Amino acid sequence: MFVSGDSCFRLDDNVSKVVRKSTRHLSGLQCDLHYIKKFEDLCNKKILRTVILKKIYLSRDEYLMHILEQLQSMQYLRVLDVCGGFYNTEESPCMTKVLNSIANLKLLRHLRFDGTRIKEIPDSICNLYNLQTLILRNCGLTRLPDSIGNLKQLIYLDLYRSWIGKIPDSIGNLKHLGYMDLSWSPIEKMPDSIGNLEDLRYLDLSHSLIEKIPDTICNLHELQTLKLYSCYYLEHLPNSITTLINLCHLGKDSGSNIKELGELQHLQGRDLLIKGLENVINEEDASGAKLKDKKRITLLCLEWTSDSDDSQLARLPSLESVVIAGFNMMEKIGNEFYSDSDGSSSSSAITKPFKSLKSLEFSCMAEWMEWSVVEVEGNREEGGGVFSNLRKLELSNCPKLKGECLPDYLPCLETLSIRKSDRLATSLSGHQYPSLRVLRIWTCQKMKTFPEGSLPSDIQSIEIRECDELVSLLEE
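The sequence shown begins at 1279 in our numbering and counts up by one.
Spelled out as structure tokens, the structure:
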């Protein structure tokens, strides 16, 4: 209120205050009947530009109708944002009347109803030619009118959790549309006209019944984000998906060939999750994904749903975090962990791998016994060694791995955690971790002594828990 002065008015804070002529923006949180009179006073002045009403808990439709019908005289209104505070798919004739009543607000640019009972959008709403944002979330909407294509200035369309089964062809007339969320809806297919949305940058069809993505989607050269999570009826993406040169966020967890990632060179973001890798049956498909060329990915998650003894991981120069878990049958991690080789060649020096890696975690590796650490080009004291930037190393449930298998020199390692890995805990001497500040050893029942000489003198924290056989922190 200090910054906005008298131009803003909150119903719940100012029930007893006089509405000033300078008031332009109205908001109300948890509005009820006590605020109706004050709202009518504001509407009678016909001065509002913004109305935001959150959590309107009214027991009868006519009360909500009474409030919103006041808006039809607000000829200068630009923003109408209403949250009903509930989600109900039962049809409400009241809300249809409300929408018809605001169809004359020709200057309206932002319209949002969330948790209100709207089954259909009346054609009259599609005469709001200046509308740029249309949000109808959790409304139980069952149909979009063909006249939706009349909203030529629409930029943002959010129909999250609707019951819409079909998108009209006229959607292709929305030339300026940049954002469309149709997630959690029973949509089975998109019209070919979607290819006309030249400015579309974000499309979310997650948790829908979509069976096929039209080939025309490949005309959307501005598309940056495509979300298709839990689209279980979608078998594959169009072959020409690789023409989407600006696509940098692709979310999909079913029914796809990993090779489809190959030409999507601009994928970026905090993480890339690839599930169902047990279905990759040949090396050609895996190599075709070209993961090593995805230089803007910082976190790579690879998920199998069955045991595998293949741990091949291509080099990703910007990768900052790696988690490897659940490979119960894996016995060895070899040279293939650091390069594209098959592990059969000699351990000759290779270009610095994992140069950006800061966190490395292994867990649930019941048979893992050997970890080969290759030599890399450059002086390791000058930052040329493998894992030269690693800050955190965690090993959990790796009972057969011995301490001598760990990298013997990690110049930047600050935190080392060992859990349920007895052989690791009992054979850590000889390693050089000069930056180590935190050491955690938990549930290592066979650990009896700890070699003092392997710790830096300025270590700050040592946590030892549930190591029942430990009798001394000194080397015997």
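Glycine included, C-beta positions come from ideal geometry on N, C-alpha and C. It should be emphasised that the depicted structure is a prediction, and the values quoted were computed from it without experimental measurement.
Could you tell me which residues DSSP puts in a beta bridge with residue i?
i, result
"K1490", "K1467"
"Q1710", "Y1687"
"S1722", "It is worth fixing the name first, because residue 1722 is Cys in this sequence and not Ser. None, per the DSSP bridge assignment."
"L1671", "L1638 and L1694"
"W1649", "I1611"
"M1458", "L1435 and L1481"
"F1287", "L1304"
"R1743", "W1720"
"T1503", "Y1480 and H1527"
"V1664", "According to DSSP, V1664 bridges with nothing at all."
"L1358", "V1329 and L1389"
"R1421", "E1398"
"A1603", "S1641"
What's the C-alpha gap between residue i and residue j?
i, j, result
"W1646", "E1614", "15 Å"
"D1686", "V1651", "9 Å"
"R1479", "E1747", "60 Å"
"L1506", "S1713", "43 Å"
"Q1410", "G1427", "13 Å"
"I1472", "L1481", "11 Å"
"N1366", "N1378", "At N1366, the pLDDT of 47 sits below 50, so the modelled position is not reliable; the number obtained from the coordinates is stated separately. Approximately 20 Å between the Cα atoms of the pair."
"V1716", "L1569", "33 Å"
"I1763", "L1515", "Nothing can be reported for residue 1763, as the shown portion of the chain is limited to 1279 through 1754."
"D1571", "N1451", "37 Å"
"E1648", "L1671", "17 Å"
"T1374", "D1401", "11 Å"
"R1697", "L1504", "39 Å"
"D1392", "T1420", "15 Å"
"K1490", "S1461", "15 Å"
"D1700", "L1684", "14 Å"
"S1508", "L1487", "9 Å"
"H1454", "L1383", "21 Å"
"D1736", "K1610", "34 Å"
"S1666", "L1498", "41 Å"
"L1755", "A1644", "What is shown of the chain runs 1279 to 1754, which leaves residue 1755 out entirely."
"E1682", "E1562", "35 Å"
"L1673", "H1527", "31 Å"
"S1623", "Y1616", "Note on S1623: pLDDT 44, under 50, position unreliable in the model; the coordinate value appears next. For S1623 and Y1616, the distance between alpha carbons rounds to 13 Å."
"E1398", "L1522", "34 Å"
"L1331", "C1496", "40 Å"
"C1224", "R1669", "Residue 1224 is absent from the structure shown; the chain starts at 1279 and stops at 1754."
"N1405", "L1385", "11 Å"
"G1612", "R1439", "47 Å"
"W1720", "S1695", "8 Å"
"L1412", "I1380", "14 Å"
"L1792", "G1566", "Because the chain is modelled from 1279 through 1754, residue 1792 falls outside the range shown and cannot be assessed."
Applying the criterion that 16 or more other CB atoms from any shown protein chain within 10 Å of the CB defines a buried residue, is residue i buried or exposed?
i, result
"R1743", "exposed"
"G1418", "buried"
"G1708", "exposed"
"D1493", "exposed"
"N1416", "buried"
"H1485", "buried"
"D1587", "Confidence at D1587 is low in this model, with a pLDDT of 45, below 50, so its placement is unreliable and the value that follows should be read with caution. Classification of D1587: exposed, given that the 10 Å Cβ count is below 16."
"Q1348", "buried"
"V1664", "buried"
"L1458", "One detail in the question is off: residue 1458 reads as Met in this sequence, not Leu. Buried, by the Cβ-count rule."
"P1631", "buried"
"T1394", "buried"
"S1518", "exposed"
"M1607", "exposed"
"I1465", "buried"
"V1749", "exposed"
"Y1510", "exposed"
"N1524", "exposed"
"S1300", "exposed"
"Y1407", "exposed"
"Y1354", "exposed"
"F1287", "buried"
So residue i packs on residue j, CB below 8 Å; how close in whole Å?
i, j, result
"R1387", "R1356", "5 Å"
"L1358", "V1329", "5 Å"
"E1476", "E1513", "Actually they do not touch by this definition, with Cβ atoms about 27 Å apart."
"D1470", "S1448", "That pair is no contact at about 12 Å."
"A1703", "C1722", "4 Å"
"L1220", "L1635", "Coverage of the chain is limited to positions 1279 through 1754, which leaves residue 1220 absent and any answer about it impossible."
"L1638", "V1600", "5 Å"
"L1422", "I1442", "6 Å"
Item to complete: Identify every run of the alpha helix (DSSP H) within the segment 1360-1414, keeping only runs that are complete inside it and at least 4 residues long; order them along the chain.
Response: Listed in chain order, they are 1371-1379.
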